[in-house]
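Reading through the structure tokens given below for one structure.
In our numbering, the protein residues as written are 1 to 172.
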């Protein structure tokens, strides 16, 4: 059927459609690159407003005070602490925001830091400020008392992009 269509139109329409499709793809690629330029931001300065530290006793679970595992491709420490309620029954802390002290004790110090950031949008040059909260965890645990869970939860996402490809069918 497509060959019949090409023979009737001497291929000019098919070439026209290929050119239009190529232009559409080029415009889509250009719009995605422009979007990344406008949405980026550069941090100019950071200022710590206040900082508070609280100490909580860790709860012993299955002879461990602390566990670790991957959640959505990031390494987390998993723990329970007295005085902190959680919907999940446990708390998580990114390994990059944590320190471990092996001193045969069983508590965690949680430091809450309020930071004001000034940042500039890439192309527009507009300066804005925002206040964020950061947490740092210092775990004091007995030697080698970390349970390894491996992969706990993996992020599932699809990288398949579907682009429309229309082939007109003419019937006479």
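We treat Cβ as the ideally placed atom computed from N, Cα and C, and that holds for glycine. Note that the structure is predicted; figures quoted are calculated from it, not measured.
C-beta atoms of residue i and residue j nearer than 9 Å
i           : j           : result
residue 101 : residue 138 : yes
residue 141 : residue 53  : no
residue 150 : residue 89  : no
residue 85  : residue 113 : no
residue 71  : residue 152 : yes
Same chain only: Cβ atoms within 8 Å of residue i, ignoring 5 sequence neighbours per side
i           : result
residue 130 : 116, 117 and 119
residue 106 : 57, 58, 60, 65, 140, 141 and 142
residue 45  : 117 and 118
residue 49  : 114, 115, 116 and 131
Beta-carbon contacts of residue i that lie in its chain and below 7 Å, excluding the five residues immediately before and after
i          : result
residue 83 : 56
Classification of residue i by the beta-carbon crowding that lies within 10 angstroms, buried from 16 upward
i           : result
residue 108 : buried
residue 98  : buried
residue 29  : exposed
residue 93  : buried
6 Å CB neighbourhood of residue i in its chain, flanking five on each side removed
i           : result
residue 104 : 142
For this session: Count the CB pairs spanning the segment 112 to 121 and the segment 138 to 149 that are closer than 8 Å, and state whether there are at least three.
Result: no
Exercise. Does the count of Cβ pairs from the segment 60 to 68 and the segment 78 to 88 closer than 8 Å reach three?
Worked result: yes
Problem set entry | Within the segment 72 to 136, ranges of the beta strand (DSSP E) (whole runs, at least 3 residues) | 74 to 79, 91 to 94, 98 to 102 and 107 to 121
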